[in-house]
Each structure stands twice: as structure tokens, then as C-alpha cells.
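Here is the structure we will look at.
Chains as they are written, first to last, in my numbering: chain A, -12 to 101; chain B, 226 to 338.
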């Protein structure tokens, strides 16, 4: 059981470039999330989805876009990369809206924008 | 506006002793609280949770205490083991928010043999 898979694990982008961070889960979870973690900071919610075709903004959505065409996949798109987007990105999924089940996180994508 | 705060960036304890990690929150709407553990180069993993209708929840060596009047929760690890060395994140949610979590900054726990 792979859980939540994120690719790539590392990436260096130049300012102004674009890229897509991939996230796939094989647990048939309806709820999926993208978080970023900056050094010394907690995880900040970028976007989330409660099911295929439904997405919504989190706390820090500017500079990002998402789509959810299938239950399994929740890619995060960075347009016009900026140094402020240097961070570690975590994708997560959840079976239920009830938080007592917790999230399953991927292992992260470390992105550097230079 | 940091709604969930972990004021201690690091904590060091001896193996076998108790580790106490603290977390404060400001949003009185939070009704579910969780602790996550994170090793380097891995994603966070769910550790233990507590509903606001309780003041204590126990799972093996891990116990979470909630003081709603003080808006404070703590994670106790007894006895601490070297494998517990990791970053611990406190998180909170409003149950009706679609399980969106608000995280604290994290506390690096080091358990010395």
C-alpha cells in the first residue's frame, strides 16, 4: 500500500518558471490537501479538495493553482515561480471530514526558487 | 495571526524520563486537537488526538491533556526513548471545516541515551 506519493522529491526552479507538483493517493480518500512548510514555521494550508471536481483555497493560495479531476490525483501548479515559494510542500489525504482520523501525508517535495 | 503556537522550538530529555511538549491556541472555535510527529525527510505522521469534550486521551506511552479554559494542550511521553527524537507538531481544527488543520510551528524533541 503506497499511501500518498509525491513527485518530484527535489526541484530547483528559476524565477518565472512554472512547474506542477504531483500527488497521488491509493486509499480512495475523498479529502486531499496541500501544505507548505517554511523553516521554523508550521504547515500552512495552500489548497484543499473534498472530492473530485471540488477545490477551495486555504490560508496561502496566492501563486498556486490546483485541480482534482480524479479521486486519486491532486496536482499543485506553480505559475511564475518566485523566491518566496521556496519551501517544502506536503500533500495529504483524509478518509473523513472528522479529524479524529488524522491525515496521511506524503514525504514532501523540497522546492528551491533561484 | 498564529492561532496555534508552540513556544518551545526545542526540548532535550534523558532516555526514560518524561517529555512534555506544550501548545497554546487562540481560536475558541477549535474543537479537535491532534499531535503529529515528523522525522527528517519524511512527512508528518499522526500520533494522537483529543476532542474538546475530553480533557485527557491516552495511547500507550503518549498522553494528551487539554485545558480548554487556558486554551492549552500538552503531550506527555513516558518513558521517552531515543526513537522519539523528532519534530512534534500540534494541530487544531473546527470539525465543521472539512477537517482543515491549523498547525503550530513544531518542537524539536531530542531524547539522549
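Heads up, the beta-carbon is just placed ideally off N, CA and C, and yes, glycines get one too.
Outcome for residue i when other beta-carbon atoms lying within 10 angstroms are tallied against a minimum of 16
i: residue 231 of chain B; result: buried
i: residue 352 of chain B; result: Because chain B here runs from 226 to 338, residue 352 of chain B falls outside it and cannot be looked at.
i: residue 242 of chain B; result: exposed
i: residue -3 of chain A; result: exposed
i: residue 316 of chain B; result: buried
i: residue 329 of chain B; result: buried
i: residue 108 of chain A; result: Examination of residue 108 of chain A is not possible in this model, given that chain A is present from -12 through 101 alone.
i: residue 101 of chain A; result: exposed
i: residue 12 of chain A; result: buried
i: residue 81 of chain A; result: buried
i: residue 327 of chain B; result: buried
i: residue 274 of chain B; result: buried
Alpha-carbon to alpha-carbon, residue j and residue i
i: residue 28 of chain A; j: residue 263 of chain B; result: 13 Å
i: residue 66 of chain A; j: residue 301 of chain B; result: 43 Å
i: residue 3 of chain A; j: residue 337 of chain B; result: 45 Å
i: residue 237 of chain B; j: residue 334 of chain B; result: 6 Å
i: residue 245 of chain B; j: residue 305 of chain B; result: 10 Å
i: residue 45 of chain A; j: residue 19 of chain A; result: 12 Å
i: residue 59 of chain A; j: residue 7 of chain A; result: 16 Å
i: residue 288 of chain B; j: residue 303 of chain B; result: 8 Å
i: residue 295 of chain B; j: residue 248 of chain B; result: 11 Å
i: residue -7 of chain A; j: residue 256 of chain B; result: 30 Å
i: residue 279 of chain B; j: residue 5 of chain A; result: 46 Å
i: residue 299 of chain B; j: residue 252 of chain B; result: 17 Å
i: residue 24 of chain A; j: residue 34 of chain A; result: 14 Å
i: residue 68 of chain A; j: residue 50 of chain A; result: 8 Å
i: residue 62 of chain A; j: residue 325 of chain B; result: 18 Å
i: residue 234 of chain B; j: residue 281 of chain B; result: 24 Å
i: residue 32 of chain A; j: residue 96 of chain A; result: 15 Å
i: residue 250 of chain B; j: residue 318 of chain B; result: 11 Å
i: residue 43 of chain A; j: residue 240 of chain B; result: 44 Å
i: residue 261 of chain B; j: residue 47 of chain A; result: 21 Å
Near the ligand ATP: residue i beta-carbon under 6 Å from a heavy atom
i: residue 74 of chain A; result: This structure lacks the ligand ATP, and indeed carries no ligand of any kind.
Among the options, the one whose alpha carbon lies nearest that of residue i
i: residue 1 of chain A; options: A/70, A/8 and A/62; result: A/70
i: residue 311 of chain B; options: B/281, B/332, B/304 and B/247; result: B/332
i: residue 64 of chain A; options: A/-5, A/-9 and A/-11; result: A/-5
i: residue 83 of chain A; options: A/-1, A/10 and A/16; result: A/16
i: residue 36 of chain A; options: A/22, A/-11 and A/99; result: A/22
i: residue 98 of chain A; options: A/14, A/-1 and A/40; result: A/-1
i: residue 254 of chain B; options: B/261, B/313 and B/229; result: B/229
i: residue 53 of chain A; options: A/24, A/14 and A/78; result: A/78
i: residue 293 of chain B; options: B/286, B/227, B/277 and B/285; result: B/277
i: residue 73 of chain A; options: A/57, A/26, A/-11 and A/9; result: A/26
Sheet register partners of residue i (DSSP bridge)
i: residue 284 of chain B; result: B/287
i: residue 18 of chain A; result: A/81
i: residue 278 of chain B; result: In the DSSP output, where bridge partners are listed per residue, residue 278 of chain B has none listed.
i: residue 34 of chain A; result: A/21 and A/44
i: residue 262 of chain B; result: B/270 and B/313
i: residue 250 of chain B; result: B/229
_Check whether the region 89 to 99 of chain A and the region 266 to 274 of chain B are in contact - that is, three or more C-beta pairs closer than 8 Å._
yes
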